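Chains as they are written, first to last, in our numbering: chain A, 119 to 554; chain B, 119 to 444. Glycine included, each C-beta is placed from N, C-alpha and C at the ideal position. Quick caveat: nothing in here was measured; it's all calculated off a predicted structure.
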Amino acid sequence: MTSLVIRGGSIVRSHEVVRADVVVVDGRVLEVGEKVNAPAGAREIDASGAWVGPGFVDLHTHLREPGLEAAETVESGARAAAVGGYCAVVAMPNTEPALDTVALVSYVLARGALTGIDVAVAGAITQGRRGEKLAPLAEMAALGVRIFTDDGAAVASAEVMRRALSYAKPLGVRLAQHCEEPSLVEFGSMNEGALAGRLGLVGRPALAEELMVVRDIELVRASGASVHFLHLSTARSIALVVAARREGLDVTCEVAPHHFSLDESACRTYDPHYKVNPPLRSPGDAAALVAALQRGDVDAVATDHAPHLPESKDLAFDEAPAGMLGLEHAASLTVEALGADGDPRAFFALLSRGPARIAQLRASDVRVGLSAHGGEVAVGEDANLVVFDPGVEWTVDRDRLQSRATNTPYHGRTLHGRARATIARGRLIAENGEMC
Amino acid sequence: MITTLRGKNLLDLGELSREAILEVLDTADSFVEVNRRVVKKVPALKGRVVASLFFEESTRTRLSFETAAKRLSADVLSLAVASSSVKKGESLRDTIATIDALGIDAVVMRHRSSGAAVQVARYVPHVRVINAGDGLHQHPTQGLLDAYTLRQVLAERRGERARDTGAELFDGLRVLIVGDVRHSRVARSDVEAYVALGATVTLAAPGTLLPDGVREWPVSVAGDFDDALGDADVVGVLRLQHERGTGAFVPSLSEFTRTHGLTIERAARLSPSTIIMHPGPMNRGVEIDARVADSSAAVITRQVANGVPVRMAVLYLSVAGREESR
């Protein structure tokens, strides 16, 4: 029997923030109240000055297994998630080979079951992520897959996407789109605009993203299905999603921390650590994303955690692979974006409750082998919790990350807010940046 | 802003102030004399090692730089890397680390990727880095030698010594740059140099061959090439970059020639004093007619000849200046 007492924190629920202690026994929340009595042998966790809420859920994690285990594995990625405050991640399917069969999805799920957190899997929409023939969505859904995406690339063909939406709708799963119209981003390595023109780098225009968002909104309207927009990066994209949502269409969106905490000016250094798809955008777009987070226009913050081998980031900017780490600093960057007086309920909406809803990982969802996430810190719930200290300062050190990779653009940067303790499936798995 | 190249890297002409550019031009003037001697050599960089690292094919720039380094008595390590190292899986950092291990004072490098020289400068901060062309970004010594050539020609016409004129001859000078600006590192460096020296620059190109965000450049964009030609004191013709996939940006080469080529008919309408430039290598018959290129208005071979003293000046200031600045 494992028992824990989380003392002195502010419990952040959807509609209220209350001071209370939390008792966790055998993977569940046993008691929530003031000055609770600890069960015999319970481990005490000091949550004074910190928020206690549902553990974070990442909708967008590249675990690189199978295929690029030197950069990350399910195990190392799960550790990175744990210290970042995450109790669940959704593993993206752009592995080598792509996660487009029952066997491959089962493999990653089995690897995930050996970790301290819940590893859900996103399956590929099309076979080999080639954008041509549908992958076996129903078979993968039976394993518990709830999100499908060809992430890394968009489903370029409108007809293939339309067919996929029609097929997915009765399965109760959600298709997620990497929004970049391929013909507009060929050879591109940074945001299109005056700076790219000056730096001599081929651009990836905001237009490429926005056209794909427009197209998929219309496909959702026509099919009655649902779409999740991955890593939206422009003001216009968010405005399009907000308008579609207002019309009652089932569209959701996420933004990635690098898109609201960095902008294209970082590319002046030609440091490939700042190369990512979609690219870092204009300062105006970054500011618009922050405003959108604060307004509640965004369903989730998702990391797009993308480990790469260090030598691959020593290539020239246009030759280096795109992507950066995210799991270990996403929550800090989110709390910074929401501001010092930011509402902790908005914080947990973005990092836990929103993504848990989209990933269908809540208590009310039909899950296969995974515990429930994004709850209310209430008696009887699965104990996936995070104690998050919004005030603490820490400095990112790429050599002290849990991830196997080091490709963080935040190396040396001092951030505010960090997970003090991560409790997944009732066990304390990480504390202050270290695994327990 | 770099106010003197002494001891500094030359990565991007946009970083150099007018004084720094003039210092290079004046220093180049003093090296012209060396190139006229029977023994074309000075001991300025004796004992220094300059690595010439060309990841991308080049004939004239490489030869020009290596000649410049040798005339300064530097030891030259010439490494033909081409782009094969990338195919072999070697990173930029590994390549430069290997060469650095041999013991070098400076590296002259060309790379097909924009920013590669900026990255190398970060990897080996103790080595001076001279950018000999990086992707679509910059070709700083071409910008300097173009400015040098212009000042030389204009000063000769006035019967003055170029170095006595400072930047005066650029004041109000109207330069028209025509062609594939989008894919041209030469255009980016020329614009920086001419504007810093006080010239007025106009660009003329098909809409698809203008760079993104050109409205924010310190230049004007001509609506019509033929109209703009009438107002130009200098016409800088750019190479149409077939190898960078320019083909898809214009319907055909013949249409490009018809709309933006410096044809014999267009050249005939120019004022006799108009100076015609081209950074080479030329696509004769595409962006410039062969007879125009060989006419007296063209200073193209002078540009090539001036490459050596200008690169001597750059190497001298950057590499020797390093000791002086310590």
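How about residue i: is its C-beta nearer than 8 Å to some C-beta of chain B?
i: Ala598 of chain A; result: Any answer about residue 598 of chain A is impossible in this case: the structure gives chain A only from 119 up to 554.
i: Asp436 of chain A; result: yes
i: Asp381 of chain A; result: no
i: Gly551 of chain A; result: no
i: Leu283 of chain A; result: no
i: Asp218 of chain A; result: no
i: Ala286 of chain A; result: no
i: Leu468 of chain A; result: no
i: Ala424 of chain A; result: no
i: Ala362 of chain A; result: no
i: Ala101 of chain A; result: Beyond the ends of chain A as shown, which are 119 and 554, falls residue 101 of chain A; an answer cannot be given.
i: Ala189 of chain A; result: no
8 Å is my cut-off, CB to CB: does residue i come that close to chain A?
i: Asp349 of chain B; result: no
i: Arg180 of chain B; result: no
i: Asp330 of chain B; result: yes
i: Leu210 of chain B; result: yes
i: Ala234 of chain B; result: yes
i: Tyr434 of chain B; result: no
i: Arg402 of chain B; result: no
i: Leu254 of chain B; result: yes
i: Arg357 of chain B; result: no
i: Arg228 of chain B; result: no
i: Glu334 of chain B; result: yes
Is the CB-CB distance between residue i and residue j below 8 Å?
i: Gln270 of chain B; j: Ser307 of chain B; result: no
i: Ile214 of chain B; j: Tyr241 of chain B; result: yes
i: Glu538 of chain A; j: Asp507 of chain A; result: The question names Glu, yet the displayed sequence has Arg at residue 538 of chain A. Going by C-beta atoms, Arg538 of chain A is nearer than 8 Å to Asp507 of chain A.
i: Val368 of chain B; j: Pro324 of chain B; result: yes
i: Ala305 of chain B; j: Thr320 of chain B; result: no
i: Ser379 of chain A; j: Ala464 of chain A; result: no
i: Val123 of chain A; j: Glu152 of chain A; result: no
i: Leu380 of chain B; j: Val296 of chain B; result: yes
i: Arg316 of chain A; j: Gly331 of chain B; result: yes
i: Gly535 of chain A; j: Val510 of chain A; result: yes
i: Ala198 of chain B; j: Arg429 of chain B; result: no
i: Val303 of chain A; j: Ala286 of chain A; result: no
i: Gly202 of chain A; j: Glu552 of chain A; result: no
i: Leu254 of chain B; j: Arg303 of chain B; result: yes
i: Glu583 of chain A; j: Met330 of chain A; result: For chain A, the structure presents residues 119 to 554; residue 583 of chain A sits outside this window and is missing.
i: Met258 of chain A; j: Val223 of chain A; result: yes
i: Ala253 of chain A; j: Thr267 of chain A; result: no
i: Leu255 of chain A; j: Val291 of chain A; result: yes
i: Ser436 of chain B; j: Gly132 of chain B; result: no
Measuring alpha carbon to alpha carbon, tell me which of the options ends up nearest residue i.
i: Pro396 of chain A; options: A:Leu367, A:Asp381, A:Val130 and A:Glu183; result: A:Asp381
i: Ala234 of chain B; options: B:Tyr266, B:Ala186, B:Phe173 and B:Leu197; result: B:Phe173
i: Asp432 of chain A; options: B:Val160, B:Thr122 and B:Val236; result: B:Val236
i: Gln256 of chain B; options: B:Met227, B:Arg281, B:Glu274 and B:Ala273; result: B:Met227
i: Ala440 of chain A; options: A:Val130, A:Ala168 and A:Met308; result: A:Met308
i: Thr121 of chain B; options: B:Asp144, B:Thr318, B:Leu129 and B:Leu134; result: B:Leu134
i: Val63 of chain A; options: A:Leu407, A:Ala340, A:Ser128 and A:Ser383; result: Any answer about residue 63 of chain A is impossible in this case: the structure gives chain A only from 119 up to 554.
i: Glu337 of chain A; options: A:Ser355, A:Ala357, A:Thr352 and A:Ala282; result: Residue 337 of chain A is actually Leu in this sequence, not Glu. Among A:Ser355, A:Ala357, A:Thr352 and A:Ala282, the Cα nearest to that of Leu337 of chain A is on A:Ala282.
i: Ile116 of chain A; options: A:Arg399, A:Ala200, A:Glu429 and A:Pro527; result: Nothing about residue 116 of chain A can be reported from this structure: the residues present for chain A run from 119 to 554 only.
i: Ser341 of chain A; options: A:Val369, A:His296, A:Val142 and A:Leu261; result: A:Val369
i: Gly460 of chain A; options: A:Gly414, A:Val504, A:Ala474 and A:Ser430; result: A:Gly414
i: Tyr266 of chain B; options: B:Val417, B:Val168, B:Ser196 and B:Ala239; result: B:Val417
i: Ser391 of chain B; options: B:Asp282, B:Ala415 and B:His378; result: B:Ala415
i: Lys158 of chain B; options: B:Ala438, B:Pro427 and B:Leu433; result: B:Pro427
i: Val175 of chain A; options: A:Lys251, A:Val130, A:Thr513 and A:Ala490; result: A:Ala490
Give me whichever residues DSSP pairs with residue i in a beta bridge.
i: Ala206 of chain A; result: A:Val175 and A:Asp236
i: His346 of chain A; result: A:Ala294 and A:Thr370
i: Ser170 of chain B; result: B:Ser196 and B:Val226
i: Phe266 of chain A; result: A:Gly241 and A:Leu293
i: Asn249 of chain B; result: B:Met227
i: Gln520 of chain A; result: None, per the DSSP bridge assignment.
i: Phe506 of chain A; result: A:Trp169 and A:Ala537
i: Asn127 of chain B; result: Asn127 of chain B is not bridged to any residue.
i: Met553 of chain A; result: A:Ala548
*Is the stretch 284-300 of chain B touching the stretch 464-475 of chain A in the sense that three or more CB pairs, one from each, lie closer than 8 Å?*
As far as the Cβ criterion goes, the stretch 464-475 of chain A does not touch the stretch 284-300 of chain B, which means the pair count is below three.
_Does the stretch 209-224 of chain A come into contact with the stretch 164-180 of chain A, if we say contact requires no fewer than three beta-carbon pairs (one atom in each stretch) closer than 8 Å?_
Result yes; three or more Cβ-Cβ pairs closer than 8 Å.
*Are the stretch 421-438 of chain A and the stretch 482-499 of chain A in contact at 8 Å, needing three or more beta carbon pairs?*
The stretch 421-438 of chain A, when compared against the stretch 482-499 of chain A, does not touch it at the 8 Å Cβ threshold.
*If we count Cβ pairs, one from each stretch, closer than 8 Å, do we get three or more for the stretch 352-363 of chain A versus the stretch 381-394 of chain A?*
The stretch 352-363 of chain A is not in contact with the stretch 381-394 of chain A.
*Check whether the stretch 136-156 of chain B touches the stretch 520-533 of chain A, counting contact only when three or more Cβ pairs, one atom from each stretch, lie closer than 8 Å.*
Judged by pairs of C-beta atoms under 8 Å, the stretch 136-156 of chain B does not touch the stretch 520-533 of chain A, as fewer than three such pairs exist.
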